Amino acid sequence: MIYRVTYLSDGLRVAGYVALPPELQVTAQQIQDFLRRECGDDELTAQAVACVLPSAGGSVQSAKSIEPQRRYPVFVYCRGGIGSVGRVRLDWLAEFASFGRIVVAPCYRGGESGVGHDRFGGVDLEDSRVAVRLAQAIPFADPAQIAVMGFSRGSINGTDAAIHEGASHLILWGGLSDLGRTYEERIDLRRMLKRVLQGSVYKIPETYAERSPIHMASRIPCPVLIVHGTEDQQVDYGHARRMYEELQRLGKPAELITLDGLGHHMPQPVRLTVLAKMFAWLDRSSVNGK
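Numbering-wise, the sequence shown is residues 109 to 398 according to our numbering.
And the structure:
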């Protein structure tokens, strides 16, 4: 099942989603009770919004065959965009969960949450950090296997959360690595960036650098997988290449999957093939250790 939830971040009731593997039977009431207990807020909610069909990953078991004490790996998905642009997609959550993962997806303050303001890698970073901490506390989750994926702008939140909360793996899919370059490349985003960050890259370069994963690379504590299409028009492929080169220079474990001829988004059959490679990398890295 997929549940729309609220949780507490900086005193704000922000929105997010929790998706569970098809064989994991947990009620909305149990999710709600967990969130209220962990956050200390009896007004938090959890509501079932969709189901997860078996199974892209081929790992589905019948409910009767699940080991009573089994703990599932967690996949924290940090969305792209801002506000109503790039909202969390339920079909993506279902695909992630079908690979046998508990999926946690913060929506960030503002936008769908309806409270606070998304600062594009500012105060909203706490929303992603809290999501990881909650994921680590889920009773049937494996706290040692918390992978974080940042898609597009979500690379900022994902990288920050991986650093501050000690993720086991980080995936950057179509992710920007240098917000200053994004300002230069995406003329259509300049007005939004100047409004949200309160200045241009020329006026406040340090603010843009603070929000750039390439400048966080030395602090990343885990293996990194970068997935990027060569024809990406939203986030140029150069972001992936430069991030990968910086991780290599720092001696960090990193792999780059180049999607030749593909853009920021892709047809579902292609996406599922790439997802299979991504989750195979996660499984392989988990066996080999961090």
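Every residue, glycine too, gets a C-beta built ideally from N, C-alpha and C. Bear in mind that the values here come from a model prediction, so they are computed numbers and not experimental data.
- Taking C-alpha positions only, Phe387 is separated from Arg209 by approximately 10 Å.
- With three or more CB-CB distances shorter than 8 Å, the region 223-239 counts as touching the region 260-268.
- Excluding the 5 residues flanking it on each side, Ser394 has same chain C-beta neighbours closer than 8 Å at Pro181, Gln253, Ser276, His277, in chain order.
- With a threshold of 16 other beta carbon atoms within 10 Å, Ala205 meets it and is buried.
- When the Cα atoms are used, Gln342 and Arg357 turn out to be separated by approximately 26 Å.
- Nearest Cα to Ser326 within the set Ala156, Thr338, Tyr352: Tyr352.
- Pro214 has its alpha-carbon roughly 25 Å from the corresponding atom of Arg299.
- Excluding five sequence positions before and after Leu355, the CB atoms of its chain that fall closer than 7 Å to its own CB belong to Ala325, Val332, Ala362, given in chain order.
- In this structure, DSSP gives Met257 an extended state, which the three-state scheme calls strand.
- Buried is the label assigned to Leu367, since at least 16 other Cβ atoms lie within 10 Å of its Cβ.
- Within the same chain, Val309 come within 8 Å of Glu292 by CB-CB distance, once the 5 residues on both sides are set aside.
- Look at Ala275 here: in three-state DSSP terms it is coil, with no helix or strand label.
- The alpha-carbon separation between Asp344 and Ser263 amounts to approximately 14 Å.
- By the Cβ-count criterion, His373 is exposed, with fewer than 16 other Cβ atoms from all chains shown falling within 10 Å of its own Cβ.
- If you look at Gln244, you'll find it in the alpha helix (DSSP H) that goes 233-245.
- By the criterion of a C-beta distance shorter than 6 Å, His225 is surrounded in its chain by Gly218, once the five residues flanking it on both sides are discounted.
- One Cα belongs to Arg237, the other to Ile295, and the distance between them is close to 30 Å.
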